[in-house]
Each structure stands twice: as C-alpha cells, then as structure tokens.
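Notes follow once the structure below has been shown.
There are 2 protein chains.
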Amino acid sequence: MLEPSHQSAADEPPNWQRFLTARAGEQIATRNQSSSDVFVLCTGWAFRFLQLPDGRRQILNFLLPGDLLSVVTIFDKQFQFSAKAVTAIQLSGFVRSEILTRCKVSPGIQSAIGRCCVEESRAAGELAGVLGQRSADERIAYLFLHLMHRISARSVVRDHRYPLPLRQQQIADAVGLTPVHVSRVLSMFRDRRICVLSENVLNVLDHAELERIGAIG
Amino acid sequence: MLEPSHQSAADEPPNWQRFLTARAGEQIATRNQSSSDVFVLCTGWAFRFLQLPDGRRQILNFLLPGDLLSVVTIFDKQFQFSAKAVTAIQLSGFVRSEILTRCKVSPGIQSAIGRCCVEESRAAGELAGVLGQRSADERIAYLFLHLMHRISARSVVRDHRYPLPLRQQQIADAVGLTPVHVSRVLSMFRDRRICVLSENVLNVLDHAELERIGAIG
DNA sequence: CGGCAGTTTGATGTTACTCAATTTAAGTGG
DNA sequence: CCACTTAAATTGAGTAACATCAAACTGCCG
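Respectively, the protein sequence lines represent chains Y and W.
Using our numbering, the first residue of the first sequence is number 744, and each one after it goes up by one.
Using our numbering, the first residue of the second sequence is number 744, and each one after it goes up by one.
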C-alpha cells in the first residue's frame with residue numbers, strides 16, 4: 744500500500760501526478776496496453792483479472808483503497824492483466840520515471856516497493872494453492888477471510904460486519920466456480936449460521952468455523 | 744534469470760558467494776525459514792511449493808538452471824514457500840545485502856530484478872488462470888508448453904524432444920489433479936499422437952494440437 | 001529372484017457444472 | 001408511489017469431470 748501524496752490547495756497541480764475516476768463496471772486497464780503511469784486506487788473497489796479467449800475470466804485480486812493496481816507496474820509499462828472497477832472509483836496516477844528516480848535516492852521507497860512485491864507474490868502463491876487444491880466451500884471461506892483481513896487493516900470493523908460490494912458472479916470468477924455454485928455455498932453458509940452476505944455487507948456469525956473451513960496452512 | 748558470476752581458479756573464494764548441492768528429492772527451503780542468502784539454481788531441476796495442512800501440496804513453479812529460487816527472496820529473508828530438488832542439483836547462494844548494495848549503484852542490476860519480478864508475477868497470474876478456469880487436458884498441455892518454452896530458451900531442442908525429469912505425481916501437484924487422472928490424460932495424449940512422456944523426455948508429435956489445447960489467451 | 005516405486009486400468013462415488021425455471025431485488029419512468 | 005423492466009440470486013433436475021479405491025502391471029535395483 745502506497746499513499747498518494749497530498750496536494751495542498753495553494754500549490755499548482757504537479758506534472759508527475761494525475762487523478763482519474765471510473766464508474767462501476769468500467770474497465771480501467773487492458774492486458775498488453777502500455778501506460779507511463781503507475782496507478783493507486785484511492786476510493787472504491789476494483790479488481791485485476793485475466794480474460795480467457797472463450798470469455799471466461801480469472802480474477803487475480805480485488806483492489807481496495809490504497810492498493811497499487813499491481814506493484815510490478817512500477818517495473819513494466821505494459822499491463823500483464825486487465826482491470827475493472829467494482830464500484831465507482833478514484834485513481835491516482837504517478838509517472839513511472841518519477842518513482843524510479845526517487846527510488847534511487849530513497850531507501851525508504853525502495854524497501855516499501857520490496858515489501859509490496861513480497862506481499863503480492865505471497866498472495867499470488869496462496870491463490871494458486873487455493874485454486875489448485877481446495878474445495879468450493881474452502882475457496883469461498885478463504886476469499887472472505889482474505890478480504891476481511893485486508894478490510895480490517897484499513898478501517899474499524901464493528902459487529903463482524905464487513906463492507907463487501909461484490910456480485911456472486913465476481914466471487915465466482917475469483918475462486919474458479921460458477922455463480923450458481925457460489926449461490927449454493929453461500930446458502931449453506933447462511934443455513935449453518937457461519938456468515939451471511941447481503942446488501943453489500945458480509946455478516947460473520949461464526950468466525951471460528953469460517954477459519955476452520957478456509958484457513959490456509 | 745541471473746547468471747552467477749564466474750570465479751577464476753586463481754582467486755580466493757569470495758565471502759559473498761557460496762555453493763551448495765542437494766540430492767534428488769531433498770528439501771532445499773522451508774516456508775517461514777529465514778536465510779541471509781539469495782539462491783540461484785545452477786544445475787538440475789527443482790520446484791517451489793506450498794504445503795497444505797492435510798498433506799496436499801501445490802507446486803508453484805518448476806525451477807530450471809539459471810532461475811532464482813524466487814525473485815522476491817531478494818527483498819525478504821523469510822521464504823514464502825518451500826522448495827525441493829527434482830534431480831540432483833547445484834545451488835549458488837549470494838548474500839542478500841551484497842545484492843541490495845550493488846543494486847543501488849548499478850541500474851543494470853536494478854532493471855534486471857524488475858524484469859524478473861514482472862516475469863514471476865506474469866507466471867503466477869497465468870497459473871491462477873489455468874488452475875481456476877481450465878480443464879485437466881488444458882492444464883497439462885499448458886504446463887508442457889510453458890516448460891517447453893523455458894527449456895528452449897536455455898538449450899537447443901532437437902526433434903521436438905524436451906528433457907522433462909518429472910514424475911506424474913509432480914505434474915499432478917503442479918496442475919491441481921490426482922496422479923491417476925494425470926496418467927489418464929497422458930494416455931489420451933499418447934493415443935491421439937499429441938505427445939509422449941517417457942524416460943524423462945517429452946516427445947512432442949503434434950505441436951499445433953498441443954497449442955490448440957493448452958494455449959492461453 | 002524378490003521387492004519397491006511408479007504407472008496403468010477398471011469400477012464406483014462425489015463434486016461441481018449445465019440447463020432451465022422461478023423468485024427476489026433494483027431501477028425507471030409515469 | 002406504483003406498474004414495468006431488467007439484473008441478480010435461488011432452486012431443482014440431470015450430467016460431466018474428476019476423485020477415490022483397489023488391483024494389476026512395469027521397470028529397476030539390490
């Protein structure tokens with residue numbers, strides 16, 4: 744997570760930063776497209792994904808406020824993925840060359856980027872482990888726990904209610920299931936009083952059980 | 744891929760580099776273990792994997808000569824994964840602090856690391872896409888194509904015969920299938936004259952068909 | 001020759017997908 | 001505020017893909 748630098752009202756807008764917005768559902772990046780900017784999500788939710796030739800897609804990661812679109816966009820001007828807004832969003836773009844220049848003089852930035860790389864790589868490995876080895880219930884429980892963890896890091900969570908503005912189709916694309924099956928698993932979670940997802944809020948009733956199902960080694 | 748620097752016979756062994764060997768099947772790294780060294784595989788095959796509590800494992804990547812164990816080991820002393828030797832191997836370890844120091848003065852190294860990060864992230868994303876969205880045939884075809892591509896980059900391939908020292912169990916763990924099902928898919932590939940894996944060699948008979956099955960968008 | 005690890009094959013079971021119909025929720029314009 | 005429209009979620013029945021279990025087979029090494 745990198746925070747976009749604040750811009751005081753009295754200053755001229757700097758030429759190394761620009762702001763963008765997108766509406767819910769709008770595509771904000773396309774694979775193989777080039778950009779001289781590195782983007783940070785400031786408000787709203789988005790996701791990175793791979794589009795397959797037959798129309799299916801794999802969501803690689805949900806993006807929350809403060810997240811870089813992907814850390815590796817710092818090193819490569821070509822996107823290795825596509826990205827879409829889940830809700831209405833605001834993005835901040837920094838010119839890449841500026842970041843790389845600052846990197847050379849600031850060990851702080853350099854190590855922050857390193858930590859981001861580690862985190863992104865860890866998350867990618869975990870996702871592969873979950874998709875390759877675990878059942879439908881476990882995948883969805885894992886996704887919820889993973890998101891809950893990241894939401895908690897950003898804001899106070901009260902009464903085990905987490906804001907989660909996701910359609911079941913998006914959950915399905917993230918965990919490699921069909922939306923129909925996601926619906927069945929969520930019904931099961933609801934019946935067993937584990938958690939309820941409705942009206943863009945995930946209400947966790949039995950955190951211990953959710954962990955028992957979805958925790959990774 | 745980073746080449747280990749050569750050490751002339753007349754020199755003293757440098758204190759920032761050390762060599763290691765491991766036998767086939769030996770574990771060479773364990774998750775959460777720390778190491779002050781960054782390792783490069785010099786000879787043989789190995790793989791990185793995640794071990795699940797129930798004993799199953801997901802292979803994240805096969806390592807070929809010249810590969811870093813993982814690029815992100817440059818930024819973090821704790822391994823985020825475990826690793827095992829497939830064949831007998833030789834490893835070269837560089838002390839991390841030395842690499843980071845050189846990074847600051849050499850833009851060449853810095854950008855090489857950047858390219859490695861991009862490549863590793865791209866591969867991780869593709870793996871998630873394959874595991875989440877594609878069928879058994881497609882997963883195995885993808886794995887073969889991916890490995891063929893990497894082998895070709897390292898050595899001349901004659902008569903479409905690729906050295907591939909993998910057990911079916913390892914293929915299974917890499918693509919999220921059971922060894923029994925891997926055997927059936929390989930039988931099918933053999934019957935349909937697409938490719939034959941035996942005696943540690945993958946013989947590709949119908950490259951076009953293999954691509955039709957396993958190519959990613 | 002015997003033992004072991006790896007592979008193959010068959011029979012059966014389970015999980016998740018597909019297709020299709022129905023219900024619920026969310027907008028939209030009168 | 002209410003009919004109308006459309007998107008999302010739920011439910012059921014039938015099916016396909018892959019897992020599981022178990023036995024037979026192969027090649028290799030002592």
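Don't be surprised by glycine CBs; every beta carbon is placed ideally from N, CA and C.
Rounded to whole angstroms, what is the Cα-Cα separation between residue i and residue j?
{"i": "Arg800(Y)", "j": "Gly919(W)", "result": "18 Å"}
{"i": "Asp819(Y)", "j": "Ser930(Y)", "result": "42 Å"}
{"i": "Leu795(W)", "j": "Val838(W)", "result": "30 Å"}
{"i": "Arg877(W)", "j": "Val848(W)", "result": "44 Å"}
{"i": "Gly809(Y)", "j": "Glu954(Y)", "result": "26 Å"}
{"i": "Ser777(Y)", "j": "Ile771(Y)", "result": "12 Å"}
{"i": "Ile883(Y)", "j": "Val829(Y)", "result": "18 Å"}
{"i": "Cys785(Y)", "j": "Ser835(Y)", "result": "7 Å"}
{"i": "Arg858(Y)", "j": "Asn775(W)", "result": "15 Å"}
{"i": "Gly960(W)", "j": "Ser926(W)", "result": "26 Å"}
{"i": "Gly872(W)", "j": "Gln853(W)", "result": "29 Å"}
{"i": "Ala896(Y)", "j": "Gly787(Y)", "result": "15 Å"}
{"i": "Gln813(W)", "j": "Asp934(Y)", "result": "For clarity, residue 813(W) is Ser in the given sequence; the question names Gln instead. Straight-line Cα distance between these residues: approximately 43 Å."}
{"i": "Gln760(Y)", "j": "Asp797(W)", "result": "48 Å"}
{"i": "Ile802(Y)", "j": "Phe792(Y)", "result": "4 Å"}
{"i": "His889(W)", "j": "Glu869(W)", "result": "10 Å"}
{"i": "Ala826(W)", "j": "Ser825(Y)", "result": "31 Å"}
{"i": "Gly957(W)", "j": "Met891(W)", "result": "12 Å"}
{"i": "Ala767(Y)", "j": "Leu907(W)", "result": "46 Å"}
{"i": "Cys844(Y)", "j": "Asn758(Y)", "result": "Residue identity differs from the one stated: residue 844(Y) is Thr in this sequence, not Cys. Straight-line Cα distance between these residues: approximately 15 Å."}
Could you check if residue i is buried or exposed, using at least 16 other CB atoms within 10 Å of its CB as the buried criterion?
{"i": "Thr816(W)", "result": "buried"}
{"i": "Asp780(W)", "result": "buried"}
{"i": "Gln750(Y)", "result": "Summary for Gln750(Y): the model assigns pLDDT 44, below 50, so the residue's position carries little reliability; its value from the coordinates is reported in the next sentence. That one is exposed."}
{"i": "Ala752(W)", "result": "Any reading at Ala752(W) must be qualified, since the residue scores a pLDDT of 48, below 50, and its modelled position is unreliable; no value is offered."}
{"i": "Phe762(Y)", "result": "exposed"}
{"i": "Val899(Y)", "result": "exposed"}
{"i": "Asn823(W)", "result": "According to the sequence provided, residue 823(W) is Gln. The question's Asn does not apply to it. By the neighbour-count rule (16 or more Cβ atoms within 10 Å), Gln823(W) is buried."}
{"i": "Asp916(W)", "result": "buried"}
{"i": "Ser941(Y)", "result": "exposed"}
{"i": "Asn804(W)", "result": "buried"}
{"i": "Gln913(Y)", "result": "buried"}
{"i": "Ala951(Y)", "result": "exposed"}
{"i": "Ser840(W)", "result": "exposed"}
{"i": "Gly851(Y)", "result": "exposed"}
{"i": "Val783(W)", "result": "buried"}
Under a three-way DSSP split, which group does residue i fall into?
{"i": "Thr773(Y)", "result": "coil"}
{"i": "Ala917(Y)", "result": "helix"}
{"i": "Arg904(W)", "result": "strand"}
{"i": "Thr786(Y)", "result": "strand"}
{"i": "Gln823(Y)", "result": "coil"}
{"i": "Gly836(W)", "result": "strand"}
{"i": "Val873(W)", "result": "helix"}
{"i": "Ile802(Y)", "result": "strand"}
{"i": "Asp810(Y)", "result": "coil"}
{"i": "Gln816(Y)", "result": "Per the sequence presented here, residue 816(Y) reads as Thr, with Gln not at that position. In this structure, Thr816(Y) counts as helix in the three-state DSSP scheme."}
{"i": "Arg910(W)", "result": "coil"}
{"i": "Pro922(W)", "result": "helix"}
{"i": "Asp848(Y)", "result": "Residue identity check: residue 848(Y) is Val in the sequence provided, not Asp. Correct three-state label for Val848(Y): helix."}
{"i": "Gly868(Y)", "result": "helix"}
{"i": "Ser898(W)", "result": "coil"}
{"i": "Asp934(W)", "result": "helix"}
{"i": "Ser878(W)", "result": "coil"}
{"i": "Gly857(Y)", "result": "helix"}
{"i": "Ile956(W)", "result": "helix"}
{"i": "Ala767(Y)", "result": "coil"}
Is residue i near the ligand PLP, judged by its Cβ being under 6 Å from some heavy atom?
{"i": "Ala772(Y)", "result": "The ligand PLP is absent from the structure shown, which contains no ligand whatsoever."}
In the DSSP assignment, what are the bridge partners of residue i?
{"i": "Asn946(Y)", "result": "Arg904(Y), Val939(Y)"}
{"i": "Phe762(Y)", "result": "Ser835(Y)"}
{"i": "Phe792(W)", "result": "Ile802(W), Ser825(W)"}
{"i": "Val781(Y)", "result": "Phe837(Y)"}
Under 8 Å (Cβ pairs) to chain Y, residues found in the region 794-815 of chain W:
Per Cβ criterion, the list reads Gln794, Leu795, Pro796, Arg799, Arg800, Gln801, Leu803, Ser813, Val814, Val815.
Going along the chain, which residues of the region 837-856 of chain Y sit with their C-beta nearer than 9 Å to a C-beta in chain W?
Within the region 837-856 of chain Y, the qualifying residues are Leu843, Cys846, Lys847, Pro850, Gln853, Ser854, Ile856.
Name, going along the chain, the residues of the region 873-893 of chain W whose beta-carbon falls closer than 7 Å to a beta-carbon of chain Y.
Of all residues in the region 873-893 of chain W, Leu874, Gly875, Gln876 have a Cβ within less than 7 Å of some Cβ in chain Y.
Tell me which residues of the region 893-919 of chain W have at least one Cβ-Cβ distance to chain Y shorter than 9 Å, keeping chain order.
Residues Asp916, Ala917, Val918, Gly919.
For the region 858-872 of chain W, list every residue whose C-beta sits within 8 Å of some C-beta in chain Y, in sequence order.
Flagged, chain order: Arg858, Cys860, Val861, Glu863, Ser864, Arg865, Ala867, Gly868, Glu869, Leu870, Ala871, Gly872.
Using a Cβ cut-off of 8 Å, which residues of the region 815-831 of chain Y contact any Cβ in chain W, in chain order?
From the region 815-831 of chain Y, only Val815, Ile817, Phe818, Asp819, Gln823, Phe824 have a Cβ closer than 8 Å to chain W.
Near-chain W residues of the region 766-792 of chain Y - C-beta to any C-beta below 9 Å:
Using a CB distance below 9 Å, the part of the region 766-792 of chain Y facing chain W consists of Arg774, Arg791, Phe792, ordered along the chain.
Which residues of the region 947-960 of chain Y have a Cβ closer than 9 Å to any Cβ of chain W? Give them in chain order.
So the list reads Ala958, Ile959, Gly960, given in the order they occur along the chain.
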